[in-house]
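Here the numbering used here is used: the first residue of the sequence shown is 6, the next is one more, and so on. Every residue gets a Cβ at the ideal spot worked out from N, C-alpha and C, and that includes glycine. The structure appears below as structure tokens.
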Amino acid sequence: MDERKMALIFKAFCDENRIRILKMLRNGEMCACKILDELNVTQPTLSHHMKILCDSEIVIGRKEGKWIHYSISTTGAKAAMDLLKELTTVVGEHNSCCD
6 MDERKMALIF KAFCDENRIR ILKMLRNGEM CACKILDELN VTQPTLSHHM KILCDSEIVI
66 GRKEGKWIHY SISTTGAKAA MDLLKELTTV VGEHNSCCD
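Shown next, in the form of structure tokens:
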């Protein structure tokens, strides 16, 4: 995975409203109208957050009528977990530059 994609994933987790959205979606698919009501934000603000979540591929959207129904992508969530593990796992001994 390239660094740009990695940054998109971490960006998805770097906002309180996006964390709230992810918590809501843990219970299953939700219509944007319901997320809008629960978050108490404007529609353009919600669209901005959903774009970031979808660009990270952690959330997917499904259009139904005039609304989009969002859910957590199991593939995207696994990629995010794997990325965090990869970046925080020590892979060898590093010599100090100050020795």
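Which of the three DSSP states, helix, strand or coil, is assigned to serine 78?
-> Numbered from its first residue, the sequence shown carries residue 78 at position 73. In the structure shown, serine 78 sits in coil (DSSP, three-state: anything other than H, G, I, E or B).
Taking buried to mean at least 16 other C-beta atoms within 10 Å of its own C-beta, is isoleucine 57 buried or exposed?
-> As a first step, residue 57 must be located in the sequence shown, where it is residue number 52. Around the beta carbon of isoleucine 57, 16 or more other beta carbons lie within 10 angstroms, which makes this residue buried.
Report all residues from its chain with a CB closer than 8 angstroms to the CB of valine 92; omit the five preceding and five following residues, and keep chain order.
-> Translated into the one-based positions of the sequence shown, residue 92 becomes position 87. Note on residue identity: the sequence assigns leucine, not valine, to residue 92. Closer than 8 angstroms at the Cβ level, and outside the excluded window around leucine 92, lie Met11.
Serine 61 and glutamate 34: beta carbons closer than 8 angstroms?
-> Here the question's residue 61 lines up with position 56 in the sequence shown. Here the question's residue 34 lines up with position 29 in the sequence shown. Going by C-beta atoms, serine 61 is not nearer than 8 angstroms to glutamate 34.
Classification of isoleucine 101 by the beta-carbon crowding that lies within 10 angstroms, buried from 16 upward | For the purposes of this step, residue 101 is taken as residue 96 along the sequence shown, with counting starting at 1. The residue you asked about is not isoleucine; residue 101 is serine in the sequence shown. Exposed is the call here.
Cα-Cα separation between arginine 23 and histidine 54, rounded to whole angstroms = For this step, residue 23 is matched to residue 18 along the sequence shown. For this step, residue 54 is matched to residue 49 along the sequence shown. So the alpha carbons of these two residues sit roughly 6 angstroms apart.
Would you say arginine 25 and leucine 44 are within 8 angstroms of each other, going by their C-beta atoms?
-> Your numbering for residue 25 matches position 20 in the sequence shown. Your numbering for residue 44 matches position 39 in the sequence shown. Using a Cβ distance threshold of 8 angstroms, arginine 25 and leucine 44 count as a contacting pair.
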